[in-house]
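Taking it in order: structure first as structure tokens, then the write-up.
What follows is the structure, given as structure tokens:
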């Protein structure tokens, strides 16, 4: 497989997106990549990320590519987990405390931070509407995050999210309560669950 075939394969595999890092890992030189980008009219959507003209735009994938340590959370995680019926604007992500969030904030992304020892709890991979894999928190962690941030979340959105979660067949209440304890929202979680269960 020659370099151009490799790049075409990567472009197809990533649903119309091409990362410089993937091309370099596949043994394609940056010069060949630059020529391929020009010849095929690819648009540079972020540093080291190109999109073909016929690709479905995927803002979440672009954010994840630019900020690989970010985890989609709160309203955005609800949407990715099918616990919300409308796409959130702006997107919400969580990063470790003391991470530089300026770039994301300037793009209009809502950024939450949490201490390092709680950051990794509940991270899963989910598929965006455009078919790309991104990192998000699982349903139990997301519900607890909403409880933690309830002053910044519309009460109606919080209530709907908890009701939708309670309806899930694969809900894990013991896990939710474990997260609630770690995130210091056990009391509010119990109050909501007692009403709905």
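In the working numbering, the protein residues as written are 556 to 752. Glycine residues also receive a C-beta, built at the ideal position from the N, C-alpha and C atoms.
Check your understanding: How long is the line joining the alpha carbons of residue 639 and residue 718, rounded to whole angstroms?
Key -> Their Cα atoms are separated by approximately 11 Å.
Practice item. State whether the segment 561 to 572 contacts the segment 599 to 610, with contact taken as three or more CB pairs (one from each stretch) at a distance under 8 Å. Key: In short, these stretches touch, since the Cβ pair count reaches three.
Practice item. Tell me, please, which residues DSSP counts as bridged to residue 647. Key: Assignment of beta-bridge partners to residue 647 by DSSP yields 665.
**Study point:** CA-to-CA distance, residue 714 to residue 637, given in whole angstroms
**Key:** Straight-line Cα distance between these residues: approximately 15 Å.
**Study point:** Candidates 616, 625, 573 and 647, of which the one nearest residue 675 by Cα
**Key:** Among 616, 625, 573 and 647, the Cα nearest to that of residue 675 belongs to 625.
**Study point:** Residue range of the beta strand (DSSP E) that includes residue 744
**Key:** For residue 744, there is no enclosing beta strand (DSSP E); the residue is found in the alpha helix (DSSP H) stretching over 741 to 751.
Review point. To the nearest angstrom, how far is it from the Cα of residue 740 to the Cα of residue 702?
Key: For residue 740 and residue 702, the distance between alpha carbons rounds to 6 Å.
**Study point:** Endpoints, the alpha helix (DSSP H) within which residue 574 is located
**Key:** Note, residue 574: premise wrong, no alpha helix (DSSP H); beta strand (DSSP E) at 572 to 574.
Check your understanding: Buried or exposed: where does residue 683 fall if 16 or more other Cβ atoms within 10 Å of its Cβ makes it buried?
Key -> By the 16-neighbour rule on beta-carbons within 10 angstroms, residue 683 is buried.
Review point. The beta strand (DSSP E) spanning residue 622 covers which residue range?
Key: Per DSSP, residue 622 lies in no beta strand (DSSP E) and is assigned neither H nor E.
Review point. How should residue 609 be labelled, buried or exposed, when 16 other C-beta atoms within 10 angstroms of its C-beta is the threshold for buried?
Key: With fewer than 16 other Cβ atoms inside 10 Å of its own Cβ, residue 609 counts as exposed.
Check your understanding: Whose CA, out of 748, 631 and 650, lies closest to the CA of residue 643?
Key -> Checked all of 748, 631 and 650; the closest Cα to residue 643 is 631.
Check your understanding: In the DSSP assignment, what residue or residues form a beta bridge with residue 678?
Key -> Residue 678 is bridged to 692.
Exercise for review: Taking the CB atoms as reference points, tell me whether residue 507 and residue 726 lie closer together than 7 Å.
Suggested key: Outside the modelled stretch of the chain, which goes from 556 to 752, sits residue 507, for which no answer is possible.
Check your understanding: For residue 599, which beta-bridge partners are listed by DSSP?
Key -> Paired residue(s): 605.
Point to revise | Of the listed residues 587, 698 and 578, nearest to residue 743 (C-alpha basis) | key: Selected option, being the one with the closest Cα: 698.
Point to revise | Span separating the alpha-carbon of residue 690 from that of residue 750 | key: In this model, residue 690 and residue 750 are separated by some 31 Å (Cα to Cα).
Exercise for review: Could you tell me whether the Cβ atoms of residue 635 and residue 681 are closer together than 7 Å?
Suggested key: In this structure, residue 635 sits near residue 681, with a CB-CB distance shorter than 7 Å.
Practice item. Using beta-carbon positions only, say whether residue 695 and residue 748 come within less than 7 Å of one another. Key: The Cβ-Cβ distance between residue 695 and residue 748 does not fall below 7 Å.
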